[in-house]
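In terms of the UniProt record's numbering, the sequence shown is residues 1 to 376.
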Amino acid sequence: MRLRRLKPGDWITAGLVVVFTVPTSISLLASAAPWVVALGGACIAVLTALLFVRRALPRVSFLICCGTLLVLLALPDLPDGVPMILLPISLCHLPVLHAVVAETGRWRLPLVVTMIGLGLILLRATSAVPDPLSWGAFWALVPLAATVVLSTVALGVRDWENRQAQEQRLIDAVNRERTLMAQEVHDVVAHSVAVMVAQADAALLVGERDPARARELLENAVRTGRDAMTEMRSAVRLLRDGEPPETAPVTSLRDLDRLIPAIRTPQLEVELAVAGDAERVTTETARAAYRIVQESLTNAAKHGTVPVRCEVRVEVDEREVRLRIRDNGPGIRADAAASLGLGIAGMRERARTVGGRLDIAADRSGTQVRAWLPIA
1 MRLRRLKPGD WITAGLVVVF TVPTSISLLA SAAPWVVALG GACIAVLTAL LFVRRALPRV
61 SFLICCGTLL VLLALPDLPD GVPMILLPIS LCHLPVLHAV VAETGRWRLP LVVTMIGLGL
121 ILLRATSAVP DPLSWGAFWA LVPLAATVVL STVALGVRDW ENRQAQEQRL IDAVNRERTL
181 MAQEVHDVVA HSVAVMVAQA DAALLVGERD PARARELLEN AVRTGRDAMT EMRSAVRLLR
241 DGEPPETAPV TSLRDLDRLI PAIRTPQLEV ELAVAGDAER VTTETARAAY RIVQESLTNA
301 AKHGTVPVRC EVRVEVDERE VRLRIRDNGP GIRADAAASL GLGIAGMRER ARTVGGRLDI
361 AADRSGTQVR AWLPIA
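In structure tokens form, the structure reads like this:
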């Protein structure tokens, strides 16, 4: 059972009900028979206590409240002829009714029970009045009482729906954060490992005939590994602290200038062309563009035919960044792109997160990835 504490507004409601109903109820009860005073006083104490536990135990509070009101309904009238059920303390049922609806989301049964109880109260009140001509005054209160009950239930339903919506927003925020972290880790690890393997393979191929070139490739592999460690630390810091580090690994489209040389090998030729003012692009959009290019090149290196040639085109205008990455690999089916793993799904999600879109097209001549990312 999930226990919930009273909110400040609940304390205010409980306090007002106690102040305006308990003293009056005790005053009216004082003139009754001793056993009626004892039993009625116990009912007042129970109903008062329910005001302070109605959030923690909504169902139990509602059942106890209904039972207590039935006891008041069965007790004899006060000496002045007022039925016990008409004591002001009976109004405690309204906050308890609101709580059971707001906490459980179930309103039909509490509403039916309350309306039946309201009918019993009216019948009890009219039976205590000997003059039938005076019954009209009681029955005239039926629309008002029904309106109060329906309004209480409606407020409870609204509060339940608002809390559910708030909890769903929190869940969505956590899921988005997890997705972002999964994308970051995937992009860093998958790309870096693929590049290091490609560079190591290339170093083995050219090692005997061109030792200098082999050494350069191995140095690039080491540099790629170190960069990956730096980005992994940043990702871990984001996961731990909830805030990006002051020096994020990717902050501008200019970071593509260091990505291309790091991934380029004898088996992977990459040509980069950037048109427009790259400095106008926000960090978030630049990071999304960088990761899309990075994942596209990684896929080309892993799945393309050797040697692979890739063309990366980046165009920046006043409204958006347009990306086009094309390789001469075997291509993939566009209708299967969404099911090929976290990498392609992550590219689509990155584009969607910044308000853009991404398309993947493929034929026998290769695969083409296109993205449109708004600047603002």
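Don't be surprised by glycine CBs; every beta carbon is placed ideally from N, CA and C. This one's a predicted model, so the numbers in the text were calculated from it and none came from an experiment.
The beta carbon of ALA286 sits closer than 6 Å to the beta carbons of SER252 and LEU253 from its chain, once the five residues preceding and following it are set aside; these are given in chain order. Taking every protein chain shown into account, the CB of THR283 has fewer than 16 other CB atoms within 10 angstroms, so this residue is exposed. Put simply, the segment 34-53 touches the segment 75-89. At least three CB pairs are less than 8 Å apart. As computed with DSSP, ASP201 is found in no beta bridge at all. At least 8 Å separates the beta-carbon of VAL312 from that of ILE292.
The C-beta separation of PRO95 from THR13 comes to about 6 Å, placing the pair in contact by the 8 Å criterion. LYS302 is not a Cβ neighbour of ALA202, given a cutoff of 8 Å. The beta carbon of PRO58 lies closer than 7 Å to those of ALA99, VAL100, GLU103 and THR104 in the same chain, with the five residues before and after it left out. By the 16-neighbour rule on beta-carbons within 10 angstroms, GLY156 is buried. Within the DSSP bridge table, the entry for GLY366 names ASP363 as partners. Less than 8 Å divides the Cβ of ALA289 from the Cβ of VAL321.
Around ALA30, the same chain offers VAL37 as residues with beta carbons nearer than 8 Å, after the five sequence neighbours per side are excluded. A straight-line Cα-Cα distance of about 22 Å links LEU109 and ILE85. In the displayed model, ILE325 falls within a strand according to three-state DSSP. The segment 42-61 and the segment 20-29 touch, with three or more beta-carbon pairs separated by less than 8 Å. The Cβ-Cβ distance between LEU118 and ALA145 falls below 8 Å. Within the segment 58-134, the complete alpha helix (DSSP H) runs of at least 4 residues fall at 58-74, 93-104 and 108-127. For GLN368, same chain residues with a beta-carbon under 6 Å away, outside a window of 5 residues either side, are ARG326 and ALA361 in chain order.
Put simply, of GLY366, LEU256, SER296 and VAL316 the residue whose alpha carbon is nearest the alpha carbon of LEU373 is VAL316. GLY15 has its alpha-carbon roughly 10 Å from the corresponding atom of THR21.
When secondary structure is reduced to three states using DSSP, LEU170 falls in the helix class. Taking C-beta atoms under 8 Å as the contact rule, LEU297 and ALA371 fail to qualify, at a distance of about 14 Å.
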